[in-house]
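The numbering used here puts the sequence shown at residues 522 to 672.
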Amino acid sequence: MIQRFDKEPLAGFVSPLVYLTSTGIEILTTSGTIVEVPFSDIKTVCFVRDFHAADLNRERRLFVTRPKTEGLWVRMKFRDGDCMDGILANNLLSIEPQGFTLIPPDASLNNQKVFVPRAALTELQVMGVVGSPLRKPKKKAPSEQQLKMFE
């Protein structure tokens, strides 16, 4: 489901490996035509469970508490002034040059993943790092008070 700035949303299917082109997103619409939508027209591309259940206004756009999912917690500000939170992968090599693929605040609703083109954003802030791989839990030293029964 492509949410556009000035037009109605566009429902369709994308090939996960080749849907991003140098100028836009290639989508097979539900009517069976292939359309390339330029990045400048796109606000978000929502990977949804069901087209007919897609109520984009009902989806939660911001986290109400600190997220638990591992990754970079980001807040995006769009050209139209709207804001949205999401979780980016903690591996920066997985970020596409055309934009950002993230997990929305409530992935249990209809939107499973969201792609946001760079052209749609005016600001992208990292709010926090969740589950940093740099901090490993420290192992506790064995207690000296423990009895050694089977030695």
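Note that CB positions come from ideal geometry on N, CA and C, so glycine has one too.
Every value quoted in this text rests on a predicted model; they were computed, and no experiment measured them.
- Query: Is Arg525 helix, strand or coil when you go by DSSP?
  - Reply: Of the three classes helix, strand and coil, the one that applies to Arg525 here is strand, per DSSP.
- Using the rule of at least 16 other Cβ atoms within 10 Å of the residue's Cβ for burial, across every protein chain shown, is Ile523 buried or exposed? With 16 or more other Cβ atoms within 10 Å, it is buried.
- Message: Is the beta carbon of Gly607 closer than 9 Å to that of Pro626?
- Response: yes
- Message: Given this structure, state the Cα-to-Cα distance separating Ile548 from Thr586, to the nearest angstrom.
- Response: 34 Å
- Message: Rounded to the nearest angstrom, what separates Lys634 and Gln666 at their Cα positions?
- Response: When rounded, the separation of the alpha-carbon atoms in Lys634 and Gln666 is 51 Å.
- Item | contact_flag[the stretch 531-546, the stretch 585-604] where n(CB pairs < 8 Å) is 3 or more | no
- Message: Quick check: what's the CA-CA separation for Ile555 versus Val637?
- Response: 20 Å
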